[in-house]
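For the sequence shown, the positions run 117 to 401 when this note's numbering is used. Even for Gly, the Cβ is constructed at its ideal location relative to N, Cα and C. Since this is a predicted model, take the numbers as computed values, not measurements. Structure first, then comments.
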Amino acid sequence: MSLPQNIGVLGGGRMGAGIAHAFLLAGARVHVVERDQDAADAARTRVHESLERSVARSGDALSLDDLTSALTVGTAVDDFAQAGLVIEAVPEDRALKAEALSRIEAVVAGDAVLATNTSSISITDLAGGLSFPERFLGMHFFNPVPSSALIEVVIGTQTLTSLVDTLRGWVAELGKTAVIVRDSPGFASSRLGVMLALEAIRMLEEGVASAADIDAAMELGYRHPTGPLRTTDIVGLDVRLGIAEELERAFGERFAPPALLRRMVDDGQLGRKSGRGFYDWSDER
């Protein structure tokens, strides 16, 4: 099945902007909705700058004017009325996501698909507040979205099974690969990725090796493209902490966040987005 002609994205932060970018490159029209005009203006700038980088890398293969003309950014969820797929990409907070999804569902067409970009929150729990949970599922995108090859498609207990093949096709049209997982805490990627990251943080905390050497061990020894500590900086230490706390509630002590992670988050050392985490990112802000 072809991608819907119109795509909605609620939230224009780093992830939402990346999701919008991916669908624009695939030829869809994308409408991004933010909480207020200042946030909407920032989201527009974020998407435009990301598109400019793609156009520069493509030579003459992409037109910036064509891509940006297919993007609209506003503050009203009513603008999702024509969308065939709307993706919620607000911060990783259960109550915030539940409220956002209810607002979206109230305005979309009866056959629209509603998705959440969550890395750990239960799809089935979020579906409990919806009138049509059968049209709802998870689409877990990875940061940075434009260059990531993976989307984790998470199926809730009430999600229509026919949506699986539909989503596989849509993900393929984005030039990415879908992995299909059932709703379980942390799904597949977050559960494995966080476990590795937490152990790497404990090793750093214990003085086993430096951050660079811990990462090099996984990059060179196991062919990981990026080590677990640098990846945590890219994802955001606050995001990792939130996921770890969610998994600790579900699975117990083995996902308990290290004290070092809590201290760094409390100190505002969140990784790339704050300019400092396990590495210095000040030149990239």
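Could you check if residue i is buried or exposed, using at least 16 other CB atoms within 10 Å of its CB as the buried criterion?
| i | result |
| --- | --- |
| V261 | buried |
| R160 | buried |
| V324 | exposed |
| G387 | buried |
| E428 | Limits of the chain in this structure are 117 at one end and 401 at the other, which puts residue 428 out of reach. |
| G375 | A small correction: the amino acid at residue 375 is Ala; Gly does not occupy that position in the sequence shown. Flag for A375 reads exposed. |
| S166 | buried |
| P373 | buried |
| D331 | buried |
| P249 | buried |
| S326 | exposed |
| G368 | exposed |
| L230 | buried |
| G226 | exposed |
| L212 | exposed |
| S185 | exposed |
Given this structure, state the Cα-to-Cα distance separating residue i from residue j, to the nearest angstrom.
| i | j | result |
| --- | --- | --- |
| L308 | T234 | 15 angstroms |
| L314 | I237 | 19 angstroms |
| G134 | D383 | 27 angstroms |
| R284 | T232 | 16 angstroms |
| L357 | A243 | 24 angstroms |
| V171 | A328 | 33 angstroms |
| V193 | E221 | 10 angstroms |
| D241 | K292 | 27 angstroms |
| V189 | A333 | 43 angstroms |
| S174 | A142 | 14 angstroms |
| E321 | L180 | 46 angstroms |
| A366 | G302 | 9 angstroms |
| R162 | A156 | 10 angstroms |
| L336 | R219 | 46 angstroms |
| S263 | R379 | 31 angstroms |
| Q153 | L140 | 22 angstroms |
| T282 | A205 | 20 angstroms |
| S398 | S118 | 41 angstroms |
| L353 | D176 | 38 angstroms |
| H340 | H164 | 30 angstroms |
On the premise that residue j lies in contact with residue i, defined as a C-beta separation below 8 angstroms, what is that separation, rounded to the nearest angstrom?
| i | j | result |
| --- | --- | --- |
| V269 | V287 | 7 angstroms |
| L217 | L246 | 6 angstroms |
| V355 | E208 | 6 angstroms |
| G132 | V148 | 6 angstroms |
| L377 | I317 | 5 angstroms |
| T348 | F394 | 7 angstroms |
| A136 | L178 | That belief does not hold up - the Cβ atoms of A136 and L178 are roughly 15 angstroms apart, past 8 angstroms. |
Among the options, whose alpha-carbon lies nearest the alpha-carbon of residue i?
| i | options | result |
| --- | --- | --- |
| E289 | A138, G134, G352 and G132 | A138 |
| A304 | F258, L320, L187 and E322 | F258 |
| A197 | H164, P120, R365 and R346 | P120 |
| M255 | S263, D299 and V224 | D299 |
| R346 | R392, I271, L212 and E168 | R392 |
| S278 | L253, P301, S306 and G302 | L253 |
| G272 | I317, V297, S264 and S263 | V297 |
| I350 | A294, Q385 and V206 | Q385 |
| L183 | T275, A144, A360 and R219 | A144 |
| A228 | G337, L140, R251 and D154 | R251 |
| R370 | L312, D154 and M380 | L312 |
| T191 | E168, L212 and A158 | A158 |
| S306 | V381, P344, D396 and R169 | P344 |
| Q274 | D195, G352, V146 and I239 | I239 |
| D195 | H164, L276, V224 and V280 | V224 |
| R210 | A294, L276, R339 and I359 | I359 |
Would you say residue i touches the ligand ATP, meaning its beta carbon is less than 6 angstroms from a heavy atom?
| i | result |
| --- | --- |
| S278 | In the structure on display, the ligand ATP does not appear, and there are no ligands present to speak of. |
Below 8 angstroms, can you find three or more Cβ-Cβ pairs linking the region 117-124 to the region 201-219? yes
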